[in-house]
Amino acid sequence: MNITLGMVGRTLRVAVLVTLAVAAYGQSNCVTTPLDLAAPIDAVMLGDTGSCQIQNLLPAATLFQMSSLFFPLYAQKFTATIPEGGRVLRITLASGAFNPVILILDSKGNFLGSSGGSTTEPAQMLAGLPAGAVTVVAASAGAGGNFTITPTVEAFRTCTPQDFTLGGNDVATLNGTLSETSCRFLDFRQPSADVKPIDLYKLSLPAFTLVAIGMESNAFNPILYLVDTATNKVVASNDDISRVNLSSLLQMGIPKGEYLLVAGSTISLIGAYAIESLSAAPVACAPDLTLSLPGTATGSLTANDCQYWEFVPYSSDDTILKPYALEVPSKGLVQIDMTSSQFDTYLVLLNQDLTPVAEDDNGSGSANARLALTLNPGKYIVLANAAFSGSGGNYTLGASIQDPRTCPVGFSTLGDTANGQMGTGDCRIRDMTVGVSSDRFARQYRVEVPEGGGVLSMDATSTQFLPGIALLSTEGQLLSANGDQVAAGTYRLQVPVTAGEYNVMVYSSTSNNAVGNFTLKPTLIQ
């Protein structure tokens, strides 16, 4: 592999929403059986109408996580307690009468995964679990009959990180081998049902560093993860460099700290691999310029300026920029424009901790960028950025603030249909939300979710415009948006929620921002 500290490309963020239509079934025979981790259990799956089905067995929020499975499933629920220190739980489900399916849920009800078998081959599944409760569901996709569920517990494999030294200007190469006895992902992070083999490497960075770490293998498709040991979070990962290059590459700016580099195989294959690396110090880059509110500023982007990945953590974008400090004195609708006759401008707004708030390319028309969004008071960073690698030139920034519009909040009762009318004088999405730059017309309704929560299902219908749906906190923070079409003119958004009040927003998704009559029906699936 030939790796360089070059441009990978600006990241596109895509929100994927998966919905689950939940039907009502009888709840007879839905019992929970204690599972002895040292002994098998023989049982019978009834499998006919009126038997326990998985929709009746588990909370709606858990079913939402399992929406990739086929429903209905006849099911029986088992619970066990993982001893102190955690264990790897191995479940075998065998039946000569039906095709068995195993599902494992952690102590919080989160779906960890599933595994299927046949009447001749049992279903088997492993999960790495911390101490505490675990739920195992034995299921059948249609038939009933006898089955045997056999649990065993195993100790975690030892995952000892090796030291990893980055190459500097010269490429450093590290060779390794994944084997059948290697540490698995579920040994490293719990709860997890990921059995793919991994090797761990310690990476220590004394300062913000530009790195390129590539992994290749002739034996398997490699994958790389970067874990921040201070937070125990995966902060970056890569599977394939491209559709034609299945090697893995992490190329980004990484802040000072201690990390674990996880080298793995995407489909549990094993064999030899090589890791190559380079590193470099970034150009000094700090928001020592100020953009007043209101105010203007002029500048020029040159090849000597900071690159995006030298400023924003875990980015591989090498476009050039100048950072500006921006202080918002009170909650208001802030508009920031960046114009240039010499290059395609790009605006990025960050919080003080460098997490993204919003970004825009051509919001002001042509090649000029504009952000117009409601912001809470506080300190922010504006990145005057070029849209494409290698471009730059003179530019002008302008910033203004005005009081946000007062947007009325209607009230909607779960299970009832609310009738509404949207007009061109209504508020826009950016008036109702914090940190979202959109001028689509919108209306919002308050919904109360009772104790216990569930999956909030929201249907918006209109014959005059394409309705979009978003779920907001009562403070205007966007929680989820978009939804799926379920009928002509009807879109549905389903979101697992806890008890409390929420705002449901219906907005115009039509390209010309058309308006008109609509209905909204929120329901709760528990």
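Numbering-wise (the numbering used here), the sequence shown opens with residue -16 and increments by one.
Quick reminder that beta carbons are idealized off the backbone N, C-alpha and C, glycines included.
Only a predicted model underlies this, so the values are computations on that prediction, with no experimental measurement involved.
In the three-state reduction of the DSSP assignment, Tyr291 falls in the helix class, which pools H, G and I.
With fewer than 16 other Cβ atoms from the protein chains shown falling within 10 Å of its own Cβ, Asp153 counts as exposed. Within the model, the alpha-carbon separation for Asp288 versus Ser349 is close to 24 Å. In this structure, the alpha-carbon of Gly99 lies about 42 Å from that of Gly240. With fewer than 16 other beta carbons inside 10 angstroms of its own, Ser101 counts as exposed. By the Cβ-count criterion, Val27 is exposed, with fewer than 16 other Cβ atoms from all chains shown falling within 10 Å of its own Cβ. In the DSSP assignment, Phe130 falls within the unbroken beta strand (DSSP E) covering Gly128 to Glu137. Unbroken beta strand (DSSP E) runs of no fewer than 3 residues, entirely contained in the segment 52 to 135, are found at 57 to 65, 70 to 77, 83 to 88, 94 to 99, 106 to 112 and 115 to 123, following chain order. By the C-beta criterion, the segment 468 to 488 is judged to be in contact with the segment 427 to 444, since at least 3 inter-stretch pairs fall below 8 Å. Taking the Cα positions, Gly408 is about 39 Å away from Gly376. From the listed residues Leu439, Leu354, Ser298 and Arg411, the smallest Cα separation to Thr396 is found for Leu439.
Pairing Leu332 with Val317, the inter-Cα distance amounts to about 11 Å.
For Asn215, no beta strand (DSSP E) encloses it, and the DSSP letter there is neither H nor E. Taken atom to atom, the span from the alpha-carbon of Val14 to that of Lys60 is near 7 Å.
Contact between the segment 258 to 269 and the segment 144 to 152 is present, with at least three C-beta pairs closer than 8 Å. About 7 Å separates the CB atoms of Tyr256 and Glu199; that is less than 8 Å, so the two are in contact. Assignment of Phe171 by DSSP, reduced to helix, strand and coil, places it in the helix class. CA-to-CA, the gap between Cys390 and Lys504 works out to about 20 Å. The residue from Met321, Gly79 and Asp19 with its alpha-carbon nearest to that of Pro105 is Gly79.
The shortest CA-to-CA distance from Asn359 to any of Ile206, Arg413 and Thr141 is the one to Arg413. Note on Ser275: under 16 other CB atoms within 10 angstroms of its CB, so exposed under the neighbour-count rule. Cβ neighbours of Tyr297 within its own chain (closer than 6 Å, five residues either side excluded): Val218, Ala219 and Met235. A contact is defined here as three or more CB-CB pairs under 8 Å, and the segment 295 to 314 meets this definition with respect to the segment 363 to 372. Its chain contains Gly381 as the residues whose beta carbon lies nearer than 6 Å to that of Thr279, once the 5 sequence neighbours on both sides are disregarded; these appear in chain order.
Taken through DSSP and simplified to helix, strand or coil, Ile452 comes out as strand. Its Cα nearest to that of Lys91, the residue Thr118 stands out among Thr118, Ala110 and Ala77.
The beta carbon of Asp320 sits closer than 6 Å to the beta carbons of Ser347, Arg353 and Gly381 from its chain, once the five residues preceding and following it are set aside; these are given in chain order. Across the structure, Thr281 and Thr379 are spaced so that their CA atoms are roughly 4 Å apart. With a threshold of 16 other beta carbon atoms within 10 Å, Gln173 meets it and is buried. Taking a 10 Å sphere around the C-beta of Gly125, we find fewer than 16 other C-beta atoms and assign the residue as exposed.
Gly197 is the residue among Gly197, Thr212 and Thr214 whose C-alpha sits nearest the C-alpha of Ile206.
Residue pairing by DSSP leaves Ala497 without any beta bridge partner.
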